[in-house]
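Colleague:
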Amino acid sequence: MNVGSDSNATCTDSCNVNNGECGSHANCNHDKTTNLVKCTCKTGYMNTGSSYNVTCTDSCDVNNGGCDVHAICSHSTDTYAVKCICKEGFTNTGSESNVMCTDTCHVNNGGCDKYAMCSHDTNNATVCTCMTGYTNTGTDSHVVCEDTCTINNGGCDDHAICSHDSKTNAVQCECKQGYTNTGTAANVVCTDTCEVKNGGCDDNAMCSHDATTNAVKCECKQGYTNTGCSSN
(Lines of atoms letter the chains of each structure in order from A and count residues from 1; the text may use other names and numbers.)
(Lines give C-alpha, C1' and ligand atoms only; values in the text may rest on other atoms or scores of the structure.)
Protein backbone atom coordinates (compact mmCIF):
# COMPACT_ATOMS: atom_id res chain seq x y z
CA MET A 1 0.00 0.00 0.00
CA ASN A 2 1.31 3.49 -0.90
CA VAL A 3 1.41 5.68 2.19
CA GLY A 4 3.36 8.43 0.42
CA SER A 5 2.17 10.37 -2.63
CA ASP A 6 1.81 9.67 -6.33
CA SER A 7 5.11 11.38 -6.98
CA ASN A 8 6.92 9.93 -3.97
CA ALA A 9 5.56 6.44 -3.41
CA THR A 10 6.30 4.79 -0.06
CA CYS A 11 5.13 1.18 -0.11
CA THR A 12 4.19 -0.30 3.25
CA ASP A 13 2.83 -3.77 4.05
CA SER A 14 -0.94 -3.34 3.89
CA CYS A 15 -1.29 -5.35 7.10
CA ASN A 16 0.58 -2.59 8.92
CA VAL A 17 -1.97 0.02 7.84
CA ASN A 18 -5.32 -0.25 9.64
CA ASN A 19 -4.70 -3.99 9.97
CA GLY A 20 -5.24 -4.32 6.22
CA GLU A 21 -8.87 -3.26 6.76
CA CYS A 22 -9.43 -6.67 8.30
CA GLY A 23 -11.08 -5.34 11.43
CA SER A 24 -10.00 -5.52 15.06
CA HIS A 25 -11.04 -9.16 15.55
CA ALA A 26 -9.09 -10.54 12.60
CA ASN A 27 -5.44 -11.27 11.84
CA CYS A 28 -4.08 -9.76 8.65
CA ASN A 29 -1.67 -11.80 6.51
CA HIS A 30 -1.03 -12.47 2.83
CA ASP A 31 -2.04 -15.12 0.35
CA LYS A 32 1.04 -17.24 -0.39
CA THR A 33 0.38 -17.20 -4.13
CA THR A 34 -0.94 -13.71 -4.87
CA ASN A 35 0.31 -11.85 -1.78
CA LEU A 36 -3.12 -10.26 -1.54
CA VAL A 37 -4.32 -9.34 1.93
CA LYS A 38 -5.99 -12.25 3.68
CA CYS A 39 -8.11 -11.71 6.79
CA THR A 40 -8.49 -14.55 9.27
CA CYS A 41 -10.71 -14.28 12.33
CA LYS A 42 -8.91 -14.51 15.66
CA THR A 43 -9.49 -17.35 18.10
CA GLY A 44 -12.94 -17.01 19.63
CA TYR A 45 -14.38 -15.32 16.56
CA MET A 46 -16.13 -16.71 13.49
CA ASN A 47 -16.44 -15.33 9.96
CA THR A 48 -20.10 -14.53 9.36
CA GLY A 49 -19.32 -12.68 6.15
CA SER A 50 -17.62 -14.20 3.08
CA SER A 51 -14.09 -15.12 2.02
CA TYR A 52 -13.85 -11.72 0.29
CA ASN A 53 -15.56 -9.69 2.97
CA VAL A 54 -14.58 -11.19 6.30
CA THR A 55 -16.81 -10.20 9.22
CA CYS A 56 -15.62 -11.56 12.55
CA THR A 57 -18.38 -12.24 15.09
CA ASP A 58 -17.97 -13.55 18.63
CA SER A 59 -18.32 -17.34 18.21
CA CYS A 60 -20.64 -17.47 21.25
CA ASP A 61 -23.14 -15.37 19.29
CA VAL A 62 -23.28 -17.95 16.49
CA ASN A 63 -25.14 -21.17 17.37
CA ASN A 64 -24.02 -20.82 21.00
CA GLY A 65 -20.42 -21.29 19.85
CA GLY A 66 -21.15 -24.90 18.95
CA CYS A 67 -21.83 -25.67 22.61
CA ASP A 68 -24.55 -28.03 23.80
CA VAL A 69 -28.01 -26.42 24.13
CA HIS A 70 -27.73 -26.90 27.90
CA ALA A 71 -24.31 -25.23 28.08
CA ILE A 72 -23.17 -21.64 28.49
CA CYS A 73 -20.67 -20.43 25.91
CA SER A 74 -17.76 -18.34 27.19
CA HIS A 75 -14.10 -17.84 26.38
CA SER A 76 -10.82 -19.03 27.86
CA THR A 77 -9.09 -16.21 29.71
CA ASP A 78 -5.74 -17.30 28.25
CA THR A 79 -6.48 -18.08 24.60
CA TYR A 80 -10.00 -16.68 24.15
CA ALA A 81 -10.98 -20.00 22.62
CA VAL A 82 -14.61 -21.03 23.04
CA LYS A 83 -15.31 -22.68 26.38
CA CYS A 84 -18.53 -24.64 27.02
CA ILE A 85 -19.77 -24.97 30.60
CA CYS A 86 -22.88 -27.00 31.46
CA LYS A 87 -25.70 -24.99 33.02
CA GLU A 88 -26.95 -25.55 36.57
CA GLY A 89 -28.59 -28.95 36.83
CA PHE A 90 -26.57 -30.49 34.02
CA THR A 91 -23.34 -32.54 34.08
CA ASN A 92 -20.71 -32.93 31.37
CA THR A 93 -20.78 -36.56 30.26
CA GLY A 94 -18.52 -35.88 27.30
CA SER A 95 -14.98 -34.52 27.52
CA GLU A 96 -13.31 -31.17 28.10
CA SER A 97 -13.05 -30.63 24.35
CA ASN A 98 -16.47 -32.09 23.49
CA VAL A 99 -18.86 -31.04 26.24
CA MET A 100 -22.13 -32.99 26.38
CA CYS A 101 -24.56 -31.77 29.02
CA THR A 102 -26.81 -34.41 30.59
CA ASP A 103 -29.48 -33.87 33.26
CA THR A 104 -27.53 -34.33 36.51
CA CYS A 105 -30.33 -36.52 37.88
CA HIS A 106 -29.56 -39.04 35.12
CA VAL A 107 -25.93 -39.35 36.22
CA ASN A 108 -25.51 -41.47 39.36
CA ASN A 109 -28.89 -40.21 40.62
CA GLY A 110 -27.45 -36.71 40.80
CA GLY A 111 -25.19 -37.71 43.67
CA CYS A 112 -28.26 -38.33 45.83
CA ASP A 113 -28.55 -41.18 48.32
CA LYS A 114 -29.74 -44.45 46.72
CA TYR A 115 -32.96 -44.13 48.73
CA ALA A 116 -33.57 -40.56 47.54
CA MET A 117 -35.30 -39.09 44.50
CA CYS A 118 -33.36 -36.55 42.45
CA SER A 119 -35.17 -33.48 41.13
CA HIS A 120 -34.51 -29.78 40.47
CA ASP A 121 -35.52 -26.58 42.26
CA THR A 122 -36.66 -23.36 40.57
CA ASN A 123 -33.03 -22.51 39.80
CA ASN A 124 -32.58 -26.01 38.33
CA ALA A 125 -30.14 -26.97 41.09
CA THR A 126 -30.24 -30.62 42.15
CA VAL A 127 -32.55 -31.47 45.05
CA CYS A 128 -32.45 -34.81 46.88
CA THR A 129 -35.63 -35.99 48.62
CA CYS A 130 -35.84 -39.21 50.61
CA MET A 131 -38.30 -41.75 49.25
CA THR A 132 -41.42 -42.75 51.19
CA GLY A 133 -40.42 -44.80 54.22
CA TYR A 134 -37.06 -43.08 54.59
CA THR A 135 -36.01 -40.07 56.65
CA ASN A 136 -33.18 -37.59 56.06
CA THR A 137 -30.68 -37.85 58.92
CA GLY A 138 -28.19 -35.60 57.17
CA THR A 139 -28.67 -31.98 56.14
CA ASP A 140 -30.51 -30.14 53.36
CA SER A 141 -27.29 -29.99 51.36
CA HIS A 142 -26.15 -33.53 52.19
CA VAL A 143 -29.19 -35.78 52.35
CA VAL A 144 -28.71 -39.16 54.04
CA CYS A 145 -31.77 -41.42 53.87
CA GLU A 146 -32.32 -43.92 56.70
CA ASP A 147 -35.17 -46.39 57.15
CA THR A 148 -37.76 -44.34 59.07
CA CYS A 149 -38.46 -47.33 61.35
CA THR A 150 -34.89 -47.10 62.70
CA ILE A 151 -35.46 -43.51 63.84
CA ASN A 152 -37.58 -43.15 66.98
CA ASN A 153 -39.47 -46.28 65.97
CA GLY A 154 -40.78 -44.42 62.91
CA GLY A 155 -42.89 -42.18 65.13
CA CYS A 156 -44.91 -45.19 66.25
CA ASP A 157 -46.10 -45.72 69.83
CA ASP A 158 -43.55 -47.30 72.17
CA HIS A 159 -45.74 -50.41 72.29
CA ALA A 160 -46.07 -50.66 68.50
CA ILE A 161 -44.03 -52.39 65.83
CA CYS A 162 -42.93 -50.18 62.94
CA SER A 163 -43.05 -51.70 59.45
CA HIS A 164 -43.73 -50.61 55.87
CA ASP A 165 -46.71 -50.89 53.55
CA SER A 166 -45.91 -53.49 50.88
CA LYS A 167 -47.11 -51.22 48.06
CA THR A 168 -46.21 -47.68 49.09
CA ASN A 169 -43.43 -48.36 51.63
CA ALA A 170 -45.11 -45.84 53.95
CA VAL A 171 -44.61 -46.41 57.67
CA GLN A 172 -47.15 -48.70 59.35
CA CYS A 173 -47.60 -48.89 63.11
CA GLU A 174 -49.08 -52.06 64.60
CA CYS A 175 -49.63 -52.59 68.30
CA LYS A 176 -47.60 -55.37 69.87
CA GLN A 177 -49.15 -58.48 71.37
CA GLY A 178 -51.12 -57.52 74.48
CA TYR A 179 -51.86 -53.98 73.30
CA THR A 180 -54.86 -52.56 71.46
CA ASN A 181 -55.06 -49.52 69.19
CA THR A 182 -57.29 -46.96 70.87
CA GLY A 183 -56.35 -44.26 68.37
CA THR A 184 -56.95 -44.35 64.62
CA ALA A 185 -55.40 -46.09 61.64
CA ALA A 186 -53.40 -42.94 60.94
CA ASN A 187 -52.52 -42.22 64.58
CA VAL A 188 -52.02 -45.51 66.37
CA VAL A 189 -52.17 -45.35 70.19
CA CYS A 190 -51.37 -48.64 71.88
CA THR A 191 -53.12 -49.26 75.19
CA ASP A 192 -52.76 -52.31 77.42
CA THR A 193 -55.50 -54.60 76.10
CA CYS A 194 -56.56 -55.41 79.68
CA GLU A 195 -57.53 -51.75 80.06
CA VAL A 196 -59.86 -51.94 77.08
CA LYS A 197 -63.10 -53.76 77.94
CA ASN A 198 -61.20 -55.99 80.36
CA GLY A 199 -59.23 -57.38 77.43
CA GLY A 200 -62.32 -59.17 76.16
CA CYS A 201 -62.42 -61.29 79.31
CA ASP A 202 -65.62 -62.19 81.15
CA ASP A 203 -66.84 -59.57 83.58
CA ASN A 204 -66.05 -62.01 86.38
CA ALA A 205 -62.54 -62.70 85.14
CA MET A 206 -59.24 -60.97 85.73
CA CYS A 207 -57.29 -59.92 82.67
CA SER A 208 -53.53 -60.40 82.70
CA HIS A 209 -50.74 -61.25 80.26
CA ASP A 210 -48.77 -64.36 79.44
CA ALA A 211 -45.27 -63.97 80.85
CA THR A 212 -43.68 -65.22 77.63
CA THR A 213 -45.84 -63.87 74.81
CA ASN A 214 -47.67 -61.01 76.57
CA ALA A 215 -50.91 -62.34 75.07
CA VAL A 216 -54.07 -61.62 77.06
CA LYS A 217 -54.88 -64.20 79.71
CA CYS A 218 -58.33 -64.42 81.36
CA GLU A 219 -58.62 -66.02 84.79
CA CYS A 220 -61.91 -66.40 86.67
CA LYS A 221 -62.09 -64.46 89.89
CA GLN A 222 -62.34 -66.20 93.27
CA GLY A 223 -65.71 -67.88 93.55
CA TYR A 224 -66.12 -68.36 89.80
CA THR A 225 -65.32 -71.37 87.65
CA ASN A 226 -64.35 -71.39 84.00
CA THR A 227 -67.09 -73.29 82.21
CA GLY A 228 -65.76 -72.41 78.78
CA CYS A 229 -62.65 -73.79 77.10
CA SER A 230 -59.04 -72.99 77.89
CA SER A 231 -58.97 -70.30 75.21
CA ASN A 232 -62.29 -68.77 76.18
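FYI, the numbering for the sequence shown is -3 to 228, going by the numbering used here. We treat Cβ as the ideally placed atom computed from N, Cα and C, and that holds for glycine. All of these numbers come straight from a predicted model, not from anything done at the bench.
1. With DSSP as the reference, identify every bridge partner of Thr44, one or two as the case may be.
2. Apart from the five residues just before and just after Cys63, which ones in its own chain have a Cβ nearer than 6 Å to its Cβ?
3. Considering only the alpha carbon of each residue, which of Ala22, Gly151, Val13 lies closest to Cys186?
4. Which residues in the same chain have their Cβ closer than 6 Å to the Cβ of Cys197, if we skip the five residues on either side of it in sequence?
5. Counting C-beta neighbours from all protein chains within 10 Å, is the total for Cys158 16 or more, i.e. buried, or is it exposed?
6. Taking only the alpha-carbon atoms, compute the straight-line gap between Thr73 and Cys56 and give it to the nearest angstrom.
7. Cutting at 6 Å between CB atoms, please list the residues of its own chain near Val192, excluding the five before and the five after it.
8. With a Cβ-Cβ cutoff of 8 Å, do Gly61 and Val78 count as a contact?
9. Decide if the region 111 to 126 is in contact with the region 89 to 101; the criterion is three or more beta carbon pairs, one per stretch, under 8 Å apart.
10. Could you tell me the distance, in whole angstroms, from the CA atom of Tyr41 to the CA atom of Val167?
11. Could you pull the DSSP bridge partners for Met113 from this structure?
12. Kindly indicate which three-state DSSP category Ser162 falls into: helix, strand or coil?
Modeller: Working from what's here:
1. Residue numbering aside, residue 44 sits at position 48 when the sequence shown is read from its first letter. DSSP lists no partner for Thr44.
2. Residue numbering aside, residue 63 sits at position 67 when the sequence shown is read from its first letter. Cβ within range, chain order: Cys69, Cys80.
3. Residue 186 sits at position 190 when you count from the first residue of the sequence shown. Looking at the Cα atoms, Gly151 is the closest of the given residues.
4. Residue numbering aside, residue 197 sits at position 201 when the sequence shown is read from its first letter. Around Cys197: Cys203, Cys214.
5. The residue you call residue 158 lines up with position 162 of the sequence shown. With 16 or more other Cβ atoms within 10 Å, it is buried.
6. Along the sequence shown, read from residue 1 onward, the residue named residue 73 stands at position 77. Along the sequence shown, read from residue 1 onward, the residue named residue 56 stands at position 60. One C-alpha to the other measures close to 14 Å.
7. Within the sequence shown, residue 192 is the residue found at index 196, counting from 1. Thr176, listed in sequence order.
8. Locating residue 61 in the sequence shown gives position 65, counting from the first residue. Locating residue 78 in the sequence shown gives position 82, counting from the first residue. Result yes, Cβ atoms of Gly61 and Val78 sit closer than 8 Å.
9. yes
10. Against the sequence shown, residue 41 aligns to sequence position 45. Against the sequence shown, residue 167 aligns to sequence position 171. One C-alpha to the other measures close to 60 Å.
11. In the sequence shown, residue 113 corresponds to position 117, counting from 1. Met113 is bridged to Thr125.
12. Residue mapping note: residue 162 aligns to position 166 of the sequence shown, counting from 1. Note: Ser162 maps to coil in three-state DSSP.
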